[in-house]
Structure formats: C-alpha cells, structure tokens
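J.: Those protein sequence lines, which keep their order, are chains H and G.
What the first sequence shows, in the working numbering, is residues 693 to 997, in sequence order.
What the second sequence shows, in the working numbering, is residues 289 to 608, in sequence order.
Cβ coordinates follow ideal geometry from the N, Cα and C atoms, glycine included.
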Amino acid sequence: MEAIIIGIAKSAIRLATPYLYASIGETIGQLSGVLNLGVDGVMLMGAFSAFYAVLKTGNLWLGLLVAIVVGAIFGLLIAFINVTLKAEQGISGIGVYIFGLGLSSLLFRTMVGTVQTVSGFPPLSVPWLSNIPVMGEIFFQQNILVYGAFALVPVSWFVLNKTPLGLSIRAVGQHPEAADSLGVNIVRIRYFTVILGGILSGIAGASLSIALLNVFQQNLTNGMGFIAVALVYFGAWRPKTVLIGALLFSTVNAIQIWIQVKGINVPSDFTLMLPYIVTIMVLAAMAKRRIHPPAALNKPFERGE
Amino acid sequence: MKLKKIIIILTLISIFVLSLGLGASAKPFRVAVIMPSSISDMAFSQSMYEALVTIQEEVGKENFEFVYSENMFVVADAAAAIRDYASEGYDLVIAHGSQYGSSLMEIAPDFPNTSFTWGTSVNTFSDKGITNIFAYEARSEEGGYVCGVLAAKLSQTGIIGVIGPIETGDAKLYVDGFKVGVLAIKPDAQVNVNWTGSFSDVALASEAAQTHINAGADVLTGTAQMVVGAIGVARQRGVLWFGTQADQTSLAPEVVVANQVYDWTVVLRPMIQLVKEGTMGGTTYALTLANGGLKIVVNQEALVGKTIQDIVEGKTNIEF
Numbered sequence: 693m694e695a696i697i698i699g700i701a702k703s704a705i706r707l708a709t710p711y712l713y714a715s716i717g718e719t720i721g722q723l724s725g726v727l728n729l730g731v732d733g734v735m736l737m738g739a740f741s742a743f744y745a746v747l748k749t750g751n752l753w754l755g756l757l758v759a760i761v762v763g764a765i766f767g768l769l770i771a772f773i774n775v776t777l778k779a780e781q782g783i784s785g786i787g788v789y790i791f792g793l794g795l796s797s798l799l800f801r802t803m804v805g806t807v808q809t810v811s812g813f814p815p816l817s818v819p820w821l822s823n824i825p826v827m828g829e830i831f832f833q834q835n836i837l838v839y840g841a842f843a844l845v846p847v848s849w850f851v852l853n854k855t856p857l858g859l860s861i862r863a864v865g866q867h868p869e870a871a872d873s874l875g876v877n878i879v880r881i882r883y884f885t886v887i888l889g890g891i892l893s894g895i896a897g898a899s900l901s902i903a904l905l906n907v908f909q910q911n912l913t914n915g916m917g918f919i920a921v922a923l924v925y926f927g928a929w930r931p932k933t934v935l936i937g938a939l940l941f942s943t944v945n946a947i948q949i950w951i952q953v954k955g956i957n958v959p960s961d962f963t964l965m966l967p968y969i970v971t972i973m974v975l976a977a978m979a980k981r982r983i984h985p986p987a988a989l990n991k992p993f994e995r996g997e
Numbered sequence: 289m290k291l292k293k294i295i296i297i298l299t300l301i302s303i304f305v306l307s308l309g310l311g312a313s314a315k316p317f318r319v320a321v322i323m324p325s326s327i328s329d330m331a332f333s334q335s336m337y338e339a340l341v342t343i344q345e346e347v348g349k350e351n352f353e354f355v356y357s358e359n360m361f362v363v364a365d366a367a368a369a370i371r372d373y374a375s376e377g378y379d380l381v382i383a384h385g386s387q388y389g390s391s392l393m394e395i396a397p398d399f400p401n402t403s404f405t406w407g408t409s410v411n412t413f414s415d416k417g418i419t420n421i422f423a424y425e426a427r428s429e430e431g432g433y434v435c436g437v438l439a440a441k442l443s444q445t446g447i448i449g450v451i452g453p454i455e456t457g458d459a460k461l462y463v464d465g466f467k468v469g470v471l472a473i474k475p476d477a478q479v480n481v482n483w484t485g486s487f488s489d490v491a492l493a494s495e496a497a498q499t500h501i502n503a504g505a506d507v508l509t510g511t512a513q514m515v516v517g518a519i520g521v522a523r524q525r526g527v528l529w530f531g532t533q534a535d536q537t538s539l540a541p542e543v544v545v546a547n548q549v550y551d552w553t554v555v556l557r558p559m560i561q562l563v564k565e566g567t568m569g570g571t572t573y574a575l576t577l578a579n580g581g582l583k584i585v586v587n588q589e590a591l592v593g594k595t596i597q598d599i600v601e602g603k604t605n606i607e608f
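Right under this line is the structure:
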C-alpha cells in the first residue's frame with residue numbers, strides 16, 4: 693500500500709510540474725489584465741530550444757537559459773500584440789499558439805530531423821529531508837525543475853500579495869484607470885507580467901524536454917498549455933488554488949493510470965475521463981464562491997479623455 | 289478584330305496540344321500522402337514515409353514523385369487535403385490513418401480518375417459501389433506475438449507492461465498478439481495493459497511506464513508515436529523495451545531488445561502496379577511476416593547484454 697501511494701504521488705508531482713510553471717505565469721499575466729491563450733505555443737518553443745541546446749552542448753543549465761530567453765522573446769511578442777497594438781487577446785493568443793506549434797515543428801525538422809533522447813536533469817535528493825519516510829521519497833527525490841515549480845507557488849503568492857509590485861499588478865488588472873491616475877505605468881507593468889509569463893511557459897516546456905521526458909517530438913505538449921489556462925480559472929487567479937487544481941488533476945490522472953495498470957476491471961475510456969470529470973465536479977461545487985476574474989481582463993487600456 | 293480572335297484561338301489550341309504532348313512524354317507516377325503525425329515520429333507515419341522514399345530510390349525521381357501532408361490527425365483538415373490532392377490530379381492518394389475512412393468514402397466518387405487508399409483497414413467500400421479505393425492493414429499481432437515470446441523469456445519478475453494508445457486498429461492487434469505471445473511461454477505471467485486515449489500524449493505514456501515499473505514490470509512495450517518518452521523511462525530505470533511500427537533502437541540501444549518494423553513497400557508496389565494497369569481500387573493488402581511486410585529487427589546489444597547481466601547478477605541459474 694505504501695509503495696502504491698508513493699508511486700502515485702510521485703507521478704502526480706511530475707505530471708503537475710509543467711502545469712504549475714505555465715499556470716502561474718498565466719495567472720500573473722491575467723491578474724494584470726492580459727489573457728494569453730498562446731501558452732502552449734510558447735511551451736513548445738521552450739521545449740524545443742532547451743532540447744536543442746542540450747542535444748548540441750550537453751549543458752542542462754544552458755538549455756534552461758535558452759528556454760528562458762526564447763520564452764521572454766515570445767512574451768515580448770505577445771505583449772507587443774496585446775498591449776501596444778491592443779489586439780483582441782483571445783484571437784491573438786490562438787495565433788501565437790499556432791505560430792509556436794508550427795515554428796517548433798519546423799525547427800525540429802530542419803535542425804534535428806528525427807526523434808532523439810537527451811540526458812535531462814537527474815533526480816536530486818535533498819539532504820535530510822529526503823530521508824523522511826514516505827514524504828521524503830515523494831517530495832524530495834525529484835529533479836531540480838520539479839522543486840522550482842513548487843517553490844514558485846509561495847514565491848508568486850508573496851510577490852503578488854505582499855509587495856508593492858504585486859499591488860501594482862493587481863491594480864492594473866482590476867482598475868487600470870485608478871492605477872494610472874496614481875502614476876502606475878500600465879504598459880510597463882503589463883509588458884513585465886506577460887514577458888514573465890512567457891519565461892515561465894518556456895521553463896514549463898523545458899521541464900518536459902530536458903527534465904521529465906528528455907525527448908522532443910513535434911507537438912510534444914499535446915495541448916497542456918490549454919489545460920494550464922483552464923487551471924488559472926480553476927485556481928481563481930490565486931497561486932495556492934492553482935497548485936491545488938494542478939495537483940488534483942495530476943493525481944486523478946496518476947490514479948487512472950494505476951487503475952489500468954493493475955487491471956482493475958473498469959473500461960479505459962471511463963478512467964481516462966476521470967481527471968476531467970473530477971475537475972469539473974470540483975469547479976461546479978465551488979461555483980457558489982463567485983470569484984470574478986480581474987475586471988480589466990481582456991481589455992486593452994485606453995487612457996481616458 | 290477577327291484576325292486577332294483567330295490568332296488567340298490558334299495560340300490557345302497550340303498551347304493545349306503542346307501541353308498534352310509534354311504530358312505524354314515521361315509522365316511520372318504521382319503520389320500524395322496524408323499522415324496523422326510527423327514523418328519523423330519513429331512510428332506509424334515514419335514507416336510510410338520511408339516506404340515511399342525506398343520506392344522512389346528504386347524507380348528514380350523522374351518516374352515517381354510524392355508529396356506529403358503530416359500532422360493531419362484532425363479528420364476535417366485531412367479531408368480538405370485529400371480533396372485538394374485529388375483535384376490536383378495525383379494518381380494515388382494515400383490516407384494513412386484509420387480515422388480517414390468516411391472522408392474517403394465521400395470524396396473518392398467525385399474523382400474517378402484518382403485512386404485512393406487508406407489504412408489500417410480492410411474496407412474498400414466496394415459494397416457501396418465505390419471502385420477507386422484500396423485498403424491496407426498491418427497484421428501487427430504477428431510481430432506482437434514474436435515480441436511477446438521474447439519478452440516472456442527475458443522477464444524475471446513475470447510482470448510485463450504494455451502501453452497502448454487507443455484500443456483500435458493495428459495498436460489493438462499488436463497488444464493482443466503480444467499478450468498471447470507472453471502467455472504461450474509463461475502461462476502464469478502477468479501482462480498489465482493501459483491505454484492513454486491518445487496517440488501523441490508523450491507525458492502520459494511516460495508516466496504509464498513509471499507506473500508499470502512500480503507495479504513490478506521488468507519488460508515494457510507500447511505502440512504509437514507517444515512511446516518515445518516511455519522508452520526514455522525504460523532506459524533510465526534499466527527495463528527492457530520492445531518496439532513496433534518502426535525501429536526504435538536508436539532511442540535507447542541498451543534496452544530496446546527487438547522491434548517489429550513495418551515495410552509498406554510490400555503493399556505499395558502491387559497497388560501502384562494495379563493503378564498503372566487501370567485498376568483503381570477494390571483490393572485489400574496486408575503486411576505479414578510471410579510477405580516480408582513485417583520484419584523483426586533484433587538489437588543484439590540489449591538482448592545479449594541482458595542475458596549476460598542476469599548471469600553476472602545471479603538472477604539466472606544455469607542448471608545442468
């Protein structure tokens with residue numbers, strides 16, 4: 693029993709990792725009023741660029757750095773489209789997604805050609821903590837990008853809720869006119885949050901290609917970026933509840949794999965629906981809480997006359 | 289005015305006649321293929337791409353041209369591409385996926401001069417009065433059985449994990465054949481099967497591999513392009529892997545023992561011959577071990593390495 697729980701929990705934590713990076717990045721962007729549906733495309737670009745750098749140099753940190761830079765460039769592009777050009781955010785995001793999907797596939801084709809594997813970040817046991825029975829094995833024998841994803845939750849919570857920067861971000865997304873009149877530079881804040889979101893999406897992709905799966909294939913993310921955007925809504929724009937949502941979805945997914953592997957007699961079609969059914973049920977149960985999205989979400993800022 | 293008109297008409301006629309003449313001289317056989325994933329997927333699509341390259345090398349580029357559209361998993365996109373290719377006058381349009389059947393049934397009657405083929409399936413729609421569709425399948429249960437026998441021989445724990453995509457087509461045949469092969473050698477072996485509900489979910493397939501190993505499996509197999517991540521897990525945790533659809537050895541030479549490889553040239557050659565002779569459809573083809581369309585590629589490094597390692601580690605008792 694203990695081994696089963698450890699196995700499922702470790703699976704869940706690995707599965708949740710890319711969602712955490714991407715969802716928290718998206719949360720910060722949305723809190724400032726910018727909806728970015730292109731997360732999956734940026735993840736793919738991050739995944740490819742990190743993979744390529746590691747394939748060529750074997751240097752994992754360089755791979756991560758390249759993913760960060762590529763994510764930032766995409767973030768800059770998204771910010772330019774949405775903040776400066778004031779494009780319709782839902783549509784432009786889909787454009788960015790398709791661009792990232794196509795470009796990562798094209799680059800993979802021309803620069804790599806065939807599917808190859810790399811050695812990714814190895815598991816890193818945290819001294820002391822990894823020796824705690826059960827918990828130590830579940831939480832403290834993972835790779836560094838997994839730790840990073842979970843560390844991001846309290847860090848982003850702190851920045852968003854306890855710092856002037858966080859206050860500015862939320863003010864810009866909630867009431868841009870008021871923030872503007874108080875001298876907050878809305879354009880700068882939104883550029884900052886969207887570029888940060890791009891960086892985190894890039895790392896999310898890298899966590900797949902050089903830490904968890906250690907391979908790149910066209911459309912490696914298989915739509916994870918869209919689940920990540922859904923998790924932002926699930927998490928009601930709060931890092932803590934985003935974490936709960938990511939863990940819930942991933943745990944049920946890990947359990948459904950385990951149910952199938954153990955040959956428990958449930959049709960696979962049903963078990964595969966489980967993560968989605970459970971998530972929807974929880975969302976429905978929480979609907980009474982009435983959490984509204986940031987008031988200025990999806991609205992370009994126009995300075996009043 | 290009249291003279292101008294006559295000149296224009298004459299010019300048009302001469303262009304038309306010239307183009308006919310040019311067309312008649314050395315007209316290559318033109319093939320278009322629609323694939324659900326990429327030509328470098330180490331699985332289903334790559335096997336078809338490689339077959340077309342082989343045929344082109346055999347007969348020469350001047351006699352055989354092919355174009356492809358990849359990542360066409362969505363049927364609506366694929367249907368549009370099939371129709372485009374047919375309108376462009378390709379001799380043979382290959383819809384390489386079992387999801388494309390109903391689209392073909394709809395499109396093929398509109399293009400009687402184009403031949404269509406699809407797989408894996410056995411349905412040529414001749415019962416619907418359609419005469420220009422071929423079908424092809426892979427009897428992947430045959431290679432699955434061979435891999436299963438080998439897997440049972442090599443497994444020490446008697447637990448073997450299988451990662452399947454969607455319970456259909458050649459994936460289901462492979463998994464079923466593999467199970468029968470294992471049980472033929474070790475009737476008390478435990479074959480755990482899971483389906484990911486997708487051909488492309490690398491993360492889920494990879495996590496499934498972890499779960500199988502946690503459940504005691506020391507040999508794994510799986511099918512579809514999503515298995516590349518699972519092979520990485522097998523390598524990392526030192527568990528043997530059996531591949532299918534394409535040779536996956538290069539992904540993890542230490543652990544990939546054997547692969548069932550699809551050679552679609554066995555299907556394409558007779559099909560192209562029939563089309564050239566004027567028969568546009570109605571026949572079903574199959575890859576089998578007997579006709580050489582299925583090959584078992586054994587990786588000696590993993591096979592011998594594992595046998596030696598088991599003796600060294602004392603897992604194998606050599607009893608006289």
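(1) Would you please verify whether the beta carbon of G/Thr499 is less than 8 Å from any beta carbon of chain H?
(2) Return the chain-ordered list of same chain residues with a C-beta closer than 6 Å to the C-beta of G/Thr537, the five sequence neighbours on each side being excluded.
(3) For G/Asp365, does the count of other Cβ atoms within 10 angstroms reach 16, so buried, or fall short, so exposed?
(4) Using the Cα positions of H/Tyr778 and H/Asp872, report the straight-line distance between them to the nearest angstrom.
(5) Where does the unbroken beta strand (DSSP E) through G/Asn547 begin, and where does it stop?
(6) Who does G/Phe530 pair with in a DSSP beta bridge?
(7) Quick check: the Cα distance between H/Asn957 and H/Val845, rounded to an integer number of angstroms?
(8) Which of the residues in the region 933 to 960 of chain H, read from start to end, lie with their CB under 8 Å from any CB of chain G?
(9) Beta strand (DSSP E) containing G/Leu575: first to last residue?
(10) Just to confirm my understanding: we take H/Arg862, look at its own chain, exclude 5 residues before and 5 after, and list those with CB closer than 6 Å. What are they?
(11) Contact defined as beta carbons within less than 8 Å: I believe G/Gly432 pairs with G/Gln548. What is the distance between those atoms, to the nearest angstrom?
(12) Less than 8 Å between CB atoms is the rule here; does G/Ser390 satisfy it with respect to chain H?
(13) In angstroms, rounded to a whole number, what distance separates the CA positions of G/Gly585 and G/Ile382?
(14) For chain G, find out if any of its Cβ atoms is closer than 8 Å to the Cβ of H/Asn835; answer yes or no.
(15) Report yes if the CB atom of G/Gly522 is closer than 8 Å to the CB atom of G/Ala497, and no otherwise.
(16) In chain H, what lies closer than 7 Å to G/Val516 by C-beta?
(17) Hey, quick one: how far does the beta strand (DSSP E) through G/Tyr356 stretch, first residue to last?
(18) Tell me whether H/Leu756 is buried or exposed, calling it buried when 16 or more other Cβ atoms sit within 10 Å of its Cβ.
(19) Does H/Arg706 have its Cβ less than 8 Å from a Cβ in chain G?
(20) Cβ of G/Met336 less than 8 Å from any chain H Cβ?
(21) So, does the CB of H/Gly699 fall closer than 8 Å to a CB anywhere in chain G?
(22) Would you mind telling me which residues of chain G sit closer than 7 Å to H/Asn703, beta carbon to beta carbon, in chain order?
(23) When the Cα atoms are used, what is the spatial distance from G/Ser428 to G/Phe466?
(24) Take G/Leu340 and list the residues in its own chain whose beta-carbon comes closer than 6 Å to its own, dropping the five residues that flank it on each side.
(25) Decide if H/Arg880 is buried, meaning its Cβ has at least 16 other Cβ atoms within 10 Å, or exposed.
(26) Would G/Ser486 count as contacting chain H if we go by Cβ distances under 8 Å?
(27) Using a C-beta cutoff of 8 Å, does G/Ser313 count as contacting chain H?
(28) Please report whether the beta-carbon of G/Glu589 lies at a distance below 8 Å from any beta-carbon of chain H.
(29) Following the continuous alpha helix (DSSP H) through H/Trp950, name the residue where it begins and the one where it ends.
(30) The beta strand (DSSP E) that contains G/Ile421, what's its start and end?
(31) How many angstroms separate the CA atom of G/Leu461 from the CA atom of H/Leu821?
(32) Could you run through the region 535 to 553 of chain G and flag, in chain order, every residue whose CB is less than 9 Å away from some CB of chain H?
(33) Name, going along the chain, the residues of the region 421 to 453 of chain G whose beta-carbon falls closer than 8 Å to a beta-carbon of chain H.
T.: Working from what's here:
(1) yes
(2) Val544, Asn587
(3) In this structure G/Asp365 is exposed. Its beta-carbon is surrounded by fewer than 16 other beta-carbon atoms within 10 angstroms.
(4) The sequence shown places Lys at residue 778 of chain H, not Tyr. One C-alpha to the other measures close to 17 Å.
(5) 544 to 550
(6) G/Thr509, G/Ala546
(7) Going by the C-alpha atoms only, they are around 38 Å apart.
(8) Of all residues in the region 933 to 960 of chain H, Asn945, Ala946, Ile949, Trp950, Gln952, Val953, Lys954, Gly955, Ser960 have a Cβ within less than 8 Å of some Cβ in chain G.
(9) 572 to 575
(10) Apart from sequence neighbours up to five positions away, the residues of its chain that approach H/Arg862 with a beta-carbon distance below 6 Å are Leu723, ordered along the chain.
(11) Yes, G/Gly432 and G/Gln548 are in contact; Cβ-Cβ is about 7 Å, under 8 Å.
(12) no
(13) Here the sequence assigns Val to residue 585 of chain G, which means Gly is not the residue at that position. Each residue's Cα considered, the two are about 26 Å apart.
(14) no
(15) Here residue 522 of chain G is Ala; the residue named in the question, Gly, does not match the sequence. Yes, the Cβ-Cβ distance between G/Ala522 and G/Ala497 is below 8 Å.
(16) Val807, Val907, Gln909
(17) 352 to 357
(18) Using a 10 angstroms sphere on the CB of H/Leu756, the tally of other CB atoms reaches 16 or more, which defines it as buried.
(19) yes
(20) no
(21) yes
(22) The displayed chain sequence assigns Ser, not Asn, to residue 703 of chain H. Those are Glu495, Gln498, Thr499, listed as they occur along chain G.
(23) Note on geometry: alpha-carbon atoms of G/Ser428 and G/Phe466 lie some 9 Å from one another.
(24) Phe354
(25) exposed
(26) yes
(27) Confidence at G/Ser313 is low in this model, with a pLDDT of 49, below 50, so the placement of that residue should be treated as unreliable; the coordinate-derived value is given next. So no, G/Ser313 is outside the interface.
(28) no
(29) 931 to 953
(30) 421 to 426
(31) When rounded, the distance between both Cα atoms is 47 Å.
(32) Gln536, Ser538, Leu539, Ala540
(33) Gly449
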